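Trainee:
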Ligand SMILES: NC(=O)c1ccc[n+]([C@@H]2O[C@H](COP(=O)([O-])OP(=O)(O)OC[C@H]3O[C@@H](n4cnc5c(N)ncnc54)[C@H](O)[C@@H]3O)[C@@H](O)[C@H]2O)c1
C-alpha cells in the first residue's frame, strides 16, 4: 500500500482575478486529503509568481507556464500527484495532453475541451495513458443531487416520463465583454471558449445533471440557439426539446441573458407516480411530489436519506452545505480514486465522479445543439 500523505496538486490557472481556480484550491484542500504545492497560475509569469506567494507555496514552484511546471515537477521526487486545469476552455486539451504524456493524472474543469473533435482526441489519450481523469461538473457533488439520483435509480416514481432542466443566468444581459470584463471576454470569444457560448458554459452543466440524476441518456435534441445581445459572437440563449433513451421527453433551456437571474438551475423529473424538484440556489432541500399523497421536503444530511446522499454529508441536517462543499466532494472522490490507483487499482473512478465519458458527451451536446439549430429540427444524439 502507498504511504498515506496528502496528495500534491499542481494548479493551472487560478491567478489574480480568476473565478474558479481559487474555488478549486479551497475545495481540494477542504477534506485534508490534498495540498496545493505548485502552479502555473496565469499566462503572465509575474502574475503566476505573485499568486504562488499569496498561496504560500515554495516560490520555485510557481512556474511561468504549464509546460515548465510539468517538466520540472516530473523530475522531482516530491513532484505533483495530479494537475488541475482551470483555464479558459481552449487550453483544456493541450494542458491535459501534456500532463497525460508526462504520466500525470488530470482533474479538469468543464467543458472537457473546446470542440467535440478535441474531446475525442482527449478520450483516446486518457484511455491510452490509463491515468485517472476527473471533470468538475460541480453540481454532481451536492448531497441532494445524490439523493435525487438514488431515487431515480431505485425507481421511486415508476418509469420516468418527463424531464425539465433549466440553467438561467442574467449577467451577460449587456455586452459586458466589450468593457474589459475578464470572464465575459473569453466566454464570448470563439477562439478561447470554443463553439459554444452559453451552451458550453452552463448548458453542459444542465445536460450533465439531467443524465446524472435521471440515469437516462439523451438520444435526440431539437434546439434553437440565439445570440440576443447585438454584436456578441457566440450564443447566449438556448431552448431545446430532448428525447431520452427510455422514451421520456422534456425540455432543456439555458440562458445568460435571463435578466435578474443569478444561478437559477432547476431540475424536475416526473415519473408515473410522482416527481422531484431540485434547485441549486436552495441545494439542501429536495422537493418530492406524489400523485396520491402530500408534497414532501427532504433535507440534506437527514437520517432517512439514501446511503449515497449520507456519504457526502459532512455536517448535521440544518447546517447548510453549498457550492464549495459540493466541489470538495468531487475532490474527495478523486483523492480516493487516485490513492486506489496508486495502490494498483486500474479502474478506480467511482460512477458518481464525472470523467472523460461525461466530458465527451458534454462536447457532443454542444455540437448536436448547433447542428439542430442550423437544420431547424430534431437530430439524433
Ligand atoms: N465547474 C464550474 O462550476 C465552473 C464555474 C466557472 C467556470 N468554470 C470553468 O473554469 C474555467 C475557467 O473559468 P473562469 O471563470 O475561472 O475564468 P477566469 O478568466 O476567471 O480564469 C481563468 C484563469 O486562467 C488563467 N490562464 C489563462 N491562460 C493561461 C495559461 N496559458 N496558463 C496558465 N493560466 C492561464 C488566467 O490568467 C486566469 O487566472 C472555464 O473552462 C470554465 O468553463 C467552471
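Numbering (the numbering used here), first residue to last: 1188 to 1568.
We put the beta carbon where it would ideally sit given N, CA and C, even for glycine.
For clarity, every value in this text was computed on a predicted model and none was experimentally measured.
#1: Determine, using beta-carbon pairs with one atom in the stretch 1393-1404 and one in the stretch 1547-1563, whether at least three such pairs fall under 8 Å.
#2: Could you check whether the stretch 1524-1534 touches the stretch 1312-1321, counting it as contact only if at least three pairs of C-beta atoms, one from each stretch, sit closer than 8 Å?
#3: Measure the alpha-carbon distance for residue 1422 versus residue 1384 and round it to whole angstroms.
#4: Please classify residue 1268 as buried or exposed, where buried requires at least 16 neighbouring CB atoms within 10 angstroms.
#5: Rounded to whole angstroms, what's the CA-CA distance from residue 1444 to residue 1373? Just pull it up for me.
#6: Flag residue 1395 as yes when its Cβ comes closer than 8 Å to any non-hydrogen atom of ligand 1, and as no otherwise.
#7: Sorted by chain position, which residues of the same chain lie with C-beta nearer than 6 Å to residue 1215's C-beta, five sequence neighbours on each side aside?
#8: In terms of alpha-carbon separation, which member of 1211, 1459 and 1468 lies closest to residue 1606?
#9: List the residues that DSSP assigns as beta-bridge partners of residue 1419.
#10: With a floor of 4 residues, list each alpha helix (DSSP H) that falls wholly inside the stretch 1390-1454, ordered by position along the chain.
#11: Let me check you understand the geometry: is the CB of residue 1206 closer than 8 Å to at least one non-hydrogen atom of ligand 1?
#12: Alpha carbon to alpha carbon, how far is residue 1416 from residue 1426? Give it in angstroms, no decimals.
#13: Taking 8 Å as the limit between beta carbons, can you name the residues of its chain near residue 1363, skipping five residues before and five after?
#14: Going by other Cβ atoms of all chains shown within 10 Å of its Cβ, with 16 needed for buried, is residue 1491 buried or exposed?
#15: Tell me which same chain residues have a C-beta within less than 7 Å of the C-beta of residue 1456, skipping the five on either side of it?
#16: According to DSSP, what are the bridge partners of residue 1475?
#17: Alpha carbon to alpha carbon, what distance is there between residue 1566 and residue 1247?
#18: Note down the Cα distance separating residue 1561 from residue 1298, rounded to an integer number of angstroms.
#19: Going by beta carbon distance, what residues of the same chain come within less than 6 Å of residue 1572, once the five residues before and after it are set aside?
#20: Per DSSP, what are the beta-bridge partners of residue 1293 in this structure?
#21: List the whole-angstrom C-beta distance separating residue 1228 from residue 1234, where the pair is believed to meet the contact cut-off of C-beta under 8 Å.
#22: Nearest CA to the CA of residue 1488: which residue from 1508, 1377, 1469 and 1474?
#23: Could you name the residues of the same chain whose beta carbon sits closer than 7 Å to that of residue 1377, not counting the 5 residues immediately before and after it, in chain order?
#24: Examine ligand 1 and report whether any of its heavy atoms sits within less than 8 Å of the Cβ of residue 1227.
Mentor: Answer, in terms of the structure:
#1: yes
#2: Contact between the stretch 1524-1534 and the stretch 1312-1321 is present, because at least three Cβ pairs lie under 8 Å.
#3: Residue mapping note: residue 1422 aligns to position 235 of the chain shown, counting from 1. Residue mapping note: residue 1384 aligns to position 197 of the chain shown, counting from 1. If you take the alpha carbons of residue 1422 and residue 1384, they lie about 5 Å apart.
#4: One-based indexing of the chain shown puts residue 1268 at position 81. Under this definition residue 1268 is a buried residue.
#5: Taking the chain shown and counting its residues from 1, one reaches residue 1444 at position 257. Taking the chain shown and counting its residues from 1, one reaches residue 1373 at position 186. So the two alpha carbons sit approximately 17 Å from each other.
#6: On the chain shown, residue 1395 is found 208 positions in, with the first residue counted as 1. False, no ligand heavy atom lies under 8 Å from that Cβ.
#7: Taking the first residue of the chain shown as position 1, residue 1215 is located at position 28. Excluding positions up to five away in sequence, the list reads 1196, 1221 and 1518.
#8: The chain is shown from 1188 up to 1568; residue 1606 falls before or after that span and cannot be answered.
#9: Taking the chain shown and counting its residues from 1, the one referred to as residue 1419 is at position 232. The partner list for residue 1419 (beta bridge, DSSP) is empty, contrary to what the question assumes.
#10: 1391-1401
#11: To locate residue 1206, count along the chain shown from 1; it is residue 19. Under cutoff, so the answer is yes.
#12: To locate residue 1426, count along the chain shown from 1; it is residue 239. To locate residue 1416, count along the chain shown from 1; it is residue 229. Roughly 16 Å separates the two Cα atoms.
#13: Your numbering for residue 1363 matches position 176 in the chain shown. Around residue 1363: 1371.
#14: Position 304 of the chain shown, counting from 1, holds the residue named residue 1491. Classification for residue 1491: exposed.
#15: For the purposes of this step, residue 1456 is taken as the residue at position 269 of the chain shown. Once the five neighbours on either side are set aside, the close Cβ partners of residue 1456 are 1339, 1347, 1350, 1400, 1401, 1462 and 1463.
#16: In the chain shown, counting from the first residue as 1, residue 1475 sits at position 288. According to DSSP, residue 1475 bridges with 1463 and 1483.
#17: Numbered from its first residue, the chain shown carries residue 1247 at position 60. Numbered from its first residue, the chain shown carries residue 1566 at position 379. Cα to Cα, residue 1247 sits roughly 51 Å from residue 1566.
#18: Working through the chain shown from its first residue, we reach residue 1561 at position 374. Working through the chain shown from its first residue, we reach residue 1298 at position 111. Cα to Cα, the separation comes out at about 22 Å.
#19: Outside the displayed range of the chain (1188 to 1568) lies residue 1572, so it cannot be described from this structure.
#20: Within the chain shown, numbered from 1, the residue matching residue 1293 stands at position 106. Partner(s): 1270 and 1320.
#21: As a first step, residue 1228 is located in the chain shown; it is residue number 41 there, counting from the start. As a first step, residue 1234 is located in the chain shown; it is residue number 47 there, counting from the start. At roughly 7 Å, the Cβ-Cβ gap stays under 8 Å, so residue 1228 and residue 1234 are in contact.
#22: Locating residue 1488 in the chain shown gives position 301, counting from the first residue. Nearest option by C-alpha distance: 1508.
#23: Indexing the chain shown from 1 puts residue 1377 at position 190. These residues qualify, in order along the chain: 1420 and 1421.
#24: As a first step, residue 1227 must be located in the chain shown, where it is residue number 40. At least one heavy atom of ligand 1 lies less than 8 Å from the C-beta of residue 1227.
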